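Below: the structure, in structure tokens.
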Amino acid sequence: MLDSDTLELVREILAAAHDKKAFDVTALDVSGLTSFTDAFVLCSTSSDRHLDAVATEIRKRLKSQRKPLHIEGSGGGQWVLIDFADVIVHVFTEERRAFYNLEGLWGDAPLIEDQTDGAGIQGAAVDIEGEL
2 MLDSDTLELV
12 REILAAAHDK
22 KAFDVTALDV
32 SGLTSFTDAF
42 VLCSTSSDRH
52 LDAVATEIRK
62 RLKSQRKPLH
72 IEGSGGGQWV
82 LIDFADVIVH
92 VFTEERRAFY
102 NLEGLWGDAP
112 LIEDQTDGAG
122 IQGAAVDIEG
132 EL
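Residue numbers (this note's numbering): 2 to 133.
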């Protein structure tokens, strides 16, 4: 189960991704499955340029709150990884996301409900605060 600080970080990342029109935005609670992080946020983009815009917006939005430990793939790649320690963000082009299929690899991870746009994440969302 995620603590409130991690949940707030996930929500800020989700909001930034939505603001830059990322799609298929998904958040996974991997805290019970791995020791190196608590959550993954994954999102798709339509091009390398769109990918850079989404990744930049996430870093910019969180700049005052949290500095990433590490960033991989920025500057023209098809996959950017932003490591905030307790949350790791994966911003992909559609093709790279399909190829690596992290949702399949981490299929046992519960989804974190996306409350940033009111629509929720597609699929079976879990209530991580015990309110359902």
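For every residue, glycine included, the Cβ atom is placed at its ideal position computed from N, Cα and C. Keep in mind the model is a prediction, meaning the values are calculated, not measured.
Heavy atom of the ligand COA within 6 Å of Val55 beta-carbon: As far as ligands go, the structure on display features none, and thus does not contain the ligand COA.
- prompt: What number of angstroms, rounded off, separates the C-alpha of Gly105 from the C-alpha of Leu82?
  reply: For the purposes of this step, residue 105 is taken as the residue at position 104 of the sequence shown. For the purposes of this step, residue 82 is taken as the residue at position 81 of the sequence shown. Rounded to the nearest angstrom, the two C-alpha atoms are 18 Å apart.
- prompt: How is Asp20 classed by DSSP in three states: helix, strand or coil?
  reply: For the purposes of this step, residue 20 is taken as the residue at position 19 of the sequence shown. In the structure shown, Asp20 sits in a helix (DSSP, three-state: H, G or I).
field: Alpha-carbon to alpha-carbon, His91 and Phe41
entry: Numbered from 1 along the sequence shown, position 40 holds the residue referred to as residue 41. Numbered from 1 along the sequence shown, position 90 holds the residue referred to as residue 91. In this model, Phe41 and His91 are separated by some 7 Å (Cα to Cα).
query: Between Tyr101, Leu3 and Arg97, which lies nearest to Ile34 when the distance is taken from Cα to Cα?
result: The residue you call residue 34 lines up with position 33 of the sequence shown. Before going further, note that residue 34 is Leu rather than Ile in the sequence given. Ranked by Cα distance from Leu34, the first of Tyr101, Leu3 and Arg97 is Leu3.
query: Ile59 bridges to which residues according to DSSP?
result: As a working mapping, residue 59 is identified with position 58 in the sequence shown. Ile59 is not bridged to any residue.
field: CB of Arg12 within 7 Å of CB of Thr117, strictly
entry: Mapped onto the sequence shown, residue 12 falls at position 11. Mapped onto the sequence shown, residue 117 falls at position 116. The answer is yes: Cβ separation under 7 Å.
message: Using 7 Å as the threshold, is the C-beta distance between Ser45 and Asp25 below it?
response: Locating residue 45 in the sequence shown gives position 44, counting from the first residue. Locating residue 25 in the sequence shown gives position 24, counting from the first residue. The beta carbons of Ser45 and Asp25 sit closer together than 7 Å.
- request: Would you kindly check if the distance between the Cβ of Leu15 and the Cβ of Asp115 is under 7 Å?
  value: For this step, residue 115 is matched to residue 114 along the sequence shown. For this step, residue 15 is matched to residue 14 along the sequence shown. The answer is yes: Cβ separation under 7 Å.
field: Distance between beta carbons of Leu10 and Arg67, contact taken as under 8 Å
entry: Within the sequence shown, the letter at position 66 stands for residue 67. Within the sequence shown, the letter at position 9 stands for residue 10. For a cut-off of 8 Å, the C-beta gap from Arg67 to Leu10 is around 7 Å, short enough to register as a contact.
- prompt: Can you round the beta-carbon distance between Asp39 and Val88 to whole angstroms, since I take them to be within the 8 Å contact cut?
  reply: Mapped onto the sequence shown, residue 39 falls at position 38. Mapped onto the sequence shown, residue 88 falls at position 87. The pair is a contact, with the Cβ atoms about 7 Å apart (cut-off 8 Å).
task: For the beta strand (DSSP E) holding Ala86, just list the boundary residues, first then last.
output: To locate residue 86, count along the sequence shown from 1; it is residue 85. No beta strand (DSSP E) contains Ala86, which DSSP labels as neither H nor E.
query: Taking buried to mean at least 16 other C-beta atoms within 10 Å of its own C-beta, is Phe85 buried or exposed?
result: Taking the sequence shown and counting its residues from 1, one reaches residue 85 at position 84. With a threshold of 16 other beta carbon atoms within 10 Å, Phe85 meets it and is buried.
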